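Asks: First the structure, then my questions, so here it is.
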Amino acid sequence: MPELIHNRTLRLDRITDAAISAIQGSWRSDLDTLNVELHLYKGLAFAYRSKQGRDISVEWLPDHPQVRQVIRQITSTFWFTREVLPYGGDCEVIGPESVREKIATQVQTLYDRYQS
């Protein structure tokens, strides 16, 4: 995702040697974020507890009373995908479209793997 391109995961346990170097530029004060809309269904909708500090809004959809809408800030599509995939059909990513397509592609790849 271009919006999150500056965010990196750094594994300190894999660094075997390091040195301090001076650099030009300014540090960002925080990670870039992206707002993602989720719809939660069935038992997950009723059992869901807001993730304090990450959820912007959590509400029941007025035209679909059994569906809970969550707007959440994420900093990494990798970790977000790992969080929502275990919920299967009880969790649907609505937008942004780029995140929805990325998860749909991963689900399709998983499906294809089990078909062969």
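Take the sequence shown: its letters are residues 1 to 116, numbered as in the numbering used here.
Think of the CB as a built atom: it goes at the ideal place given N, C-alpha and C, for glycine as much as any other residue.
From a predicted model like this one, the values you see are computed outputs, not experimental measurements.
Pull up the distance between the alpha-carbon of residue 77 and that of residue 95, whole angstroms please.
Replies: Sequence index remark: in the sequence shown, residue 77 carries index 77 (1-based). Sequence index remark: in the sequence shown, residue 95 carries index 95 (1-based). Taking the straight line from one Cα to the other gives about 12 angstroms.
Asks: Beta carbon of residue 38, beta carbon of residue 70: below 8 angstroms?
Replies: Here the question's residue 38 lines up with position 38 in the sequence shown. Here the question's residue 70 lines up with position 70 in the sequence shown. The answer is yes: Cβ separation under 8 angstroms.
Asks: Quick check: the Cα distance between residue 88 and residue 23, rounded to an integer number of angstroms?
Replies: The residue given as residue 88 occupies position 88 in the sequence shown. The residue given as residue 23 occupies position 23 in the sequence shown. Computed Cα separation, rounded: 44 angstroms.
Asks: When you compare each of 61, 20, 60 and 55 to residue 80 by their alpha carbons, which one comes out closest?
Replies: Here residue 80 refers to the residue found at position 80 when the sequence shown is read from its first residue. Of the listed residues, the one whose Cα sits closest to residue 80 is 55.
Asks: By how many angstroms is the C-alpha of residue 110 removed from the C-alpha of residue 65?
Replies: The sequence position of residue 65 within the sequence shown is 65, counting from 1. The sequence position of residue 110 within the sequence shown is 110, counting from 1. One C-alpha to the other measures close to 31 angstroms.
Asks: Considering only C-alpha positions, which residue in the set 14, 40 and 10 is nearest to residue 59?
Replies: Mapped onto the sequence shown, residue 59 falls at position 59. Of the listed residues, the one whose Cα sits closest to residue 59 is 40.
Asks: Check for me: the beta strand (DSSP E) holding residue 118 runs from which residue to which?
Replies: Nothing can be reported for residue 118, as the shown portion of the chain is limited to 1 through 116.
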